[in-house]
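Peer 1: Respectively, the protein sequence lines represent chains G and H.
The opening position of the first sequence corresponds to residue 1 in our numbering, with each subsequent residue numbered one higher.
The opening position of the second sequence corresponds to residue 1001 in our numbering, with each subsequent residue numbered one higher.
One structure is given below, represented as structure tokens, and several questions about it will come after.
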Amino acid sequence: MAQNRIVQFLPDDKTVDVPGGTTILAAANKAGVFVNSLCGGDGVCGRCVVIVRRGRISGGSTSFFTHAEVQEGYVLACEARVEDDLVVETPPEHRVAAELEFAETEAPFLAGLRKLTRYRKITPLVRKTYLELPPPTLADNLADLERLAQGLAGAIGKTQFQMGLKVMRRLPDVARKHDWKVTATTAYRGPLTEIMDVEGGNTTRRNLCIAADVGTTTVVCQLVDLRDGQVLGQVGKYNSQIAYGADVIRRIMYASRSPADLHTLCETTVSDLNELIHELVARNHVGAADISLVTAAGNTTMMHLLLGLPPANIRKEPYIGAVNDMPALRAAEIGLQINPRGLLYCLPSVAGFVGSDTVAGIFTAAMARSHKVRMLIDVGTNGEIAVGNKDFMVCASASAGPAFEGAECSGGMRATKGAIDHISLQGPDAVVSHSTIGSAAPVGLCGTGYIDLVADLLRTGVIDKTGRLQKHVAPSRVREASGELEYLVFPARQTGNGKDITITQGDLNNILRAKGAIYAAQTILLRTLNMTVDDVDEVLVAGAFGNFLNVRNAVTIGLLPDVEPAKLRFVGNTALAGARLAALSHTFYEEIRALARRTTYIDLSTEPSFMDEFVSACFFPHTDLARFPRVTAEIAGHGAVR
Amino acid sequence: MAIPDVVEKWAGKVNTVVIGAKADQGGTRTSTVAIGGATTLPFLTFEGSPGHRPAIAVEVWDSGASVWPEALQAAWGDVMNSPAAWAKKAAQAGADLICLRLVGAHPDLGDRSVEACVQTVKDVLAAVGLPLILWGCGAEEKDNKLLPALSAATKGENCLIAAATERNYRTVVAVCLADKHKLVAESPCDVNIAKQVNILCGDVGFPLEDVVMFPTTGALGYGMEYVYSIQERARFAALGGDKLLAQPFICDVGYEAWRAKEAKAPPFEGVTDENRPRWGVMWEAATAVDLLQAGADLLIMRHPDAIRAVRARIDALTA
């Protein structure tokens, strides 16, 4: 019998006792420490990275690590076995459920929105009502369910109820055991009201919801108190489906191979959500059973994969999904670990390539309530553009890749603690200022940081208008590594993980293409409407790529049109905000559904000029410099031959 | 009923680029060539000025021309082994310029030294009085050593040097600027990238009036429609006032036309040994004439008979 060993996990500071020979991954699971593992311990995904700080291990291949990392103790948790008492640390860039994210540093637009909901009447999709019902007597001989319904009708003004058999079976005992003092959990089901659950006593103070933004690259969850709409916490992580393809097309192809592969993708997302829910529950010391609602926004493909719906037809002309407006479902049916009776509301999509994240954005930004024409640019792996006002609403999408979410970039990371979200260069060789999320030592760059950096590289002439690094302009920072040029942003000694933070030529190419696709989509959508950017009163930028966006820099790199600065506004992660608002008010939820129905989708894939516009936009700021007069004036004269 | 006036008025103009320098201009050429200058679409003389007549440069290789098709070998004969003699014969065949391509400098095609290439250029300069186009070998690293040497060796001659590309433009731009040569800006069959290369050259200080655009050429049957429409779009933009696309075009006709299988071994019924050599000539001439309609200002050609035919066509169209 192997001797037991003690394994201590940092930074969680959790300790567990396991038999020698146990894998670190198994020990971590036992300790309740999340280690990101995708392949389930086959040693192939390379995600479950941990650093063994003290103690002896056996096993563990080194193929995923650099020599320096091996020296430092990097191993794969699924392969390394405990042979000794150990101290193990998860590296900052691999900690899955990251630090609380919003705190004070939320996009100002969303912070304002939060105040707004405080004054609105909250009518959540799932609510709890405490009832003190009169016990039945010979004179008052209503059956239990009818008695409950009568009490509820008086309390919430609804009369049409439905109830499942399970709850019905429990009702008589629960009611009598608690002397007819019960809490009914009811859910909005259109004209009907579902009595989801009946508990003894008053539990109304525990009514929580998860609002989720299920993105192609990033998954973010908020824990929301449904009594007052307060956000109790927010966590996020990269979508583990990335291992099956970076964009929706590759995911669809993977899922279409066999039912088992579709199931894998479905489970992957569900397990990401469960991980985040678990994290929120643990941090806030609440019970998962108190969460009886999940609202989710995401692109159409992500919604299909979340529900295990076959996505194959989204990819084929005429690009039709299984369902756009998904009915409410039992969350447990897909394996979400909340109250087993709890419901999942997926917000409605518009079309195969415009999802509920965009609809949520249109709603959150109140675009359809004003006569002003607004353009919403949702910067995601699939960039979505919506243009409209209270009279019309059209949208389009373009595959941009995950560069602005920090994925597929060497120094990229999500907008979480340690991410550089702002940076400015004094000259080609000097960083003058920067800020990181959580004011931590920098670990990598998130989308807003990349936008700042690329804009300043352009201004200082370190890159030319094609995005190519010019070694002679910044000889102390531009160097060659692994066969390509890179620009050193922060040397290892200044970073939070002891590694250089760089931006490589490949990263710059990814960013150029991402912004090119998003800008081209804007151009074509406006042209289809016979409009120009001058006809747009306000340009709103949404996305989960940072808390503050320097819109001027986003214009400099040509991601946004060169309009008066006053017309540009960063609104943050509106998909998540929309999911939260829908949870808080069934009126909002219905408005979002109506919005999805009346939004017109314009398919750019049938637009012959897309490729031309795309190549034209793959230049900083744009091949047609006349469209960027302010930027052209600003960066003129750099890089002249001396 | 009066016929409505359909004459188009254009706001823009194609730049005029002069190649070569005579003795009084600091060079040793006996002639110079001006291209561009159009204020309307090709040959529409009733609308505006068609600008300078399209010029023809005859292609001469420094070495390795033994790979050229038989019909071309037969037309030029032994001179193909001596760039200077070849250039001389090309001048007699009616060339306006000599396009000397330093193919042999390519690391995979002989890897001739920079010094040897410079000597070849000097020999050609001495042999003919025509202006020169100097074309690198296409291997970026080698060209970045070769082109500065060629530029320095021909300082004052006002050559046209090729090529600046999106990926590699700094070196060639710097030397052309320093030695006062004209520059070819090359792009891979895309009007946007054509404009981008021009912008990049301008950004590093090169005067855009001294640039000749090479938007890549395709032969008849091998992408002609594509390159035709790219040239046409660029020309519309130029005449519409876009200074970043107002550069005259250079078209690599000979190289592209003689790559076509129809030019070398026509796969058609009725082709005999006797008429086979004519096919390449026809293919080259037809490609050239098509591109003239799309605004070509400078044609690089190979076969003397094709050159003669195209010259006759230019004469007829500009008469």
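Glycine included, C-beta positions come from ideal geometry on N, C-alpha and C.
Note that the structure is a prediction, hence the values are computed from the model and not measured.
(1) Identify every run of the beta strand (DSSP E) within the region 1007 to 1093 of chain H, keeping only runs that are complete inside it and at least 3 residues long; order them along the chain.
(2) Counting along the chain, where does the alpha helix (DSSP H) carrying Met253(G) start and finish?
(3) Quick check: the region 335 to 347 of chain G against the region 564 to 574 of chain G, are at least 3 beta-carbon pairs closer than 8 Å?
(4) Quick check: Ala212(G) and Ala579(G), are their CB atoms within less than 8 Å of each other?
(5) If contact means a Cβ-Cβ distance below 7 Å, which residues of the region 1197 to 1224 of chain H contact chain G?
(6) Using the beta-carbon count (16 or more within 10 Å), is Ser240(G) buried or exposed?
(7) Report the rounded CA-to-CA distance for Asp562(G) versus Leu425(G), giving the unit in angstroms.
(8) Flag this pair as yes or no: are the beta carbons of Leu223(G) and Ile210(G) separated by less than 8 Å?
(9) Counting only Cβ-Cβ distances shorter than 7 Å, please list the residues of the region 1180 to 1195 of chain H near chain G, keeping chain order.
(10) Between the region 1149 to 1183 of chain H and chain G, which residues of the former have CB atoms less than 8 Å from a CB of the latter, in chain order?
(11) Looking at the C-beta of Leu469(G), does it have a partner C-beta in chain H at a distance below 8 Å?
(12) Anything in chain H within Cβ reach of Leu305(G), meaning under 7 Å, just list it in chain order.
(13) Helix, strand or coil, according to DSSP, for Trp1283(H) in the structure here?
(14) In three-state DSSP terms, what is Ser482(G)?
(15) Quick one: which chain H residues come within Cβ less than 8 Å of Leu625(G)?
(16) Determine the DSSP secondary structure at Val1191(H), reduced to helix, strand or coil.
(17) Kindly provide the ranges of any alpha helix (DSSP H) runs that are 4 or more residues long and lie completely inside the region 142 to 216 of chain G, ordered along the chain.
(18) According to DSSP, simplified to helix, strand and coil, what is Asp995(H)?
(19) Of the choices Asn1081(H), Ala1057(H) and Glu1232(H), whose alpha-carbon is the least far from that of Val1067(H)?
(20) Go through its chain and collect everything with a Cβ distance to Ala1093(H)'s Cβ below 7 Å, but skip five positions before and after it.
(21) For Thr528(G), tell me which candidate among Leu280(G), Ile385(G) and Leu309(G) has the shortest Cα-Cα distance.
(22) Taking the alpha carbon of Val126(G) as the reference point, which residue from Ala328(G), Pro318(G) and Gly308(G) has its own alpha carbon closest?
(23) Which same chain residues, not among the five before or five after Arg1276(H), have their C-beta less than 8 Å away from its C-beta?
(24) My parser needs the beta strand (DSSP E) runs of 3 or more residues fully inside the region 542 to 625 of chain G; what are they?
(25) Kindly say whether Lys515(G), judged by its beta-carbon, lies nearer than 8 Å to any beta-carbon of chain H.
(26) Going by the CB atoms, is the gap between Gln234(G) and Val220(G) shorter than 8 Å?
(27) When you compare only the Cα positions, how much space is there between Glu72(G) and His422(G)?
(28) Please say whether Ala1105(H) and Lys1142(H) have beta carbons closer to each other than 8 Å?
(29) Considering only the alpha carbon of each residue, which of Leu347(G), Ile501(G) and Val541(G) lies closest to Tyr519(G)?
(30) Measuring alpha carbon to alpha carbon, tell me which of Asp179(G), Gly236(G) and Gly444(G) ends up nearest Glu275(G).
(31) Going by C-alpha to C-alpha distance, which of Glu333(G), Pro134(G), Asp357(G) and Glu408(G) sits closest to Val270(G)?
(32) Return the chain-ordered list of same chain residues with a C-beta closer than 6 Å to the C-beta of Ala1149(H), the five sequence neighbours on each side being excluded.
(33) Using the beta-carbon of each residue, which ones in chain H are nearer than 8 Å to Phe619(G)?
(34) Can you tell me which of Ser476(G), Ala415(G), Arg459(G) and Ala582(G) puts its alpha carbon nearest to the alpha carbon of Val555(G)?
(35) Lys465(G) versus chain H: which residues are under 8 Å apart at the beta carbon?
(36) From the DSSP secondary-structure annotation, give me the bridge partner or partners of Asp225(G).
Peer 2: This is what the structure holds:
(1) Taking only runs of at least 3 residues, the beta strand (DSSP E) segments lying wholly in the region 1007 to 1093 of chain H are 1016 to 1019, 1033 to 1036 and 1055 to 1061.
(2) For Met253(G), the enclosing alpha helix (DSSP H) has its first and last residue at Val248 to Ala255.
(3) When C-beta atoms of the region 564 to 574 of chain G are compared with those of the region 335 to 347 of chain G, fewer than three pairs fall below 8 Å, so the two segments do not count as touching.
(4) Their beta carbons are under 8 Å apart, which means Ala212(G) touches Ala579(G) by this criterion.
(5) For the region 1197 to 1224 of chain H, the residues whose beta carbon sits under 7 Å from a beta carbon of chain G are, in order, Ile1199, Leu1200, Asp1203, Val1204 and Gly1205.
(6) Buried: at least 16 other Cβ atoms inside 10 Å.
(7) Each residue's Cα considered, the two are about 22 Å apart.
(8) Taking a C-beta distance under 8 Å as the contact criterion, Leu223(G) and Ile210(G) qualify as a contact pair.
(9) For the region 1180 to 1195 of chain H, which is checked against every Cβ of chain G, the residues closer than 7 Å are Asp1190, Asn1192, Ile1193 and Lys1195.
(10) Per Cβ criterion, the list reads Glu1166, Arg1167, Arg1170, Val1173, Ala1174 and Leu1177.
(11) By the rule that beta-carbons nearer than 8 Å mark a contact, Leu469(G) does not touch chain H.
(12) Within chain H, no residue comes near Leu305(G); the closest Cβ sits about 36 Å away, beyond 7 Å.
(13) Helix at Trp1283(H).
(14) The answer is coil: DSSP assigns Ser482(G) none of H, G, I, E or B.
(15) Within 8 Å Cβ-Cβ: Ile1199 and Leu1244.
(16) Helix.
(17) If we require 4 residues or more, the alpha helix (DSSP H) runs fully inside the region 142 to 216 of chain G come out as 144 to 156 and 165 to 177.
(18) Within the shown structure, residues of chain H are numbered from 1001 to 1319, placing residue 995(H) beyond reach of any answer.
(19) In terms of Cα proximity to Val1067(H), the closest of Asn1081(H), Ala1057(H) and Glu1232(H) is Asn1081(H).
(20) Result list for Ala1093(H): Val1058, Pro1304 and Ile1307, in chain order.
(21) Comparing Cα-Cα distances from Thr528(G) to each of Leu280(G), Ile385(G) and Leu309(G), the minimum goes to Ile385(G).
(22) Minimum Cα distance to Val126(G) is reached at Ala328(G).
(23) Apart from the 5 residues on each side of it in sequence, Arg1276(H) sits with its Cβ closer than 8 Å to the Cβ of Ala1071, Ala1265 and Pro1266 in its chain, given in chain order.
(24) Segments of the beta strand (DSSP E) lying fully in the region 542 to 625 of chain G: 568 to 572.
(25) Lys515(G) does not count as touching chain H.
(26) Taking 8 Å as the cut-off, the Cβ atoms of Val220(G) and Gln234(G) count as close.
(27) Straight-line Cα distance between these residues: approximately 30 Å.
(28) Closer than 8 Å, so yes.
(29) Among Leu347(G), Ile501(G) and Val541(G), the Cα nearest to that of Tyr519(G) is on Val541(G).
(30) Per the C-alpha coordinates, the member of Asp179(G), Gly236(G) and Gly444(G) positioned closest to Glu275(G) is Gly236(G).
(31) The option with the nearest alpha carbon to Val270(G) is Glu333(G).
(32) Apart from sequence neighbours up to five positions away, the residues of its chain that approach Ala1149(H) with a beta-carbon distance below 6 Å are Val1114 and Val1118, ordered along the chain.
(33) Going along chain H in sequence order, the residues near Phe619(G) (Cβ under 8 Å) are Asn1192, Gln1196 and Ile1199.
(34) Taking only the C-alpha atoms, the option nearest Val555(G) is Arg459(G).
(35) Here the neighbours are Gln1196, Ile1199, Leu1200 and Asp1203.
(36) Answer is Leu208(G).
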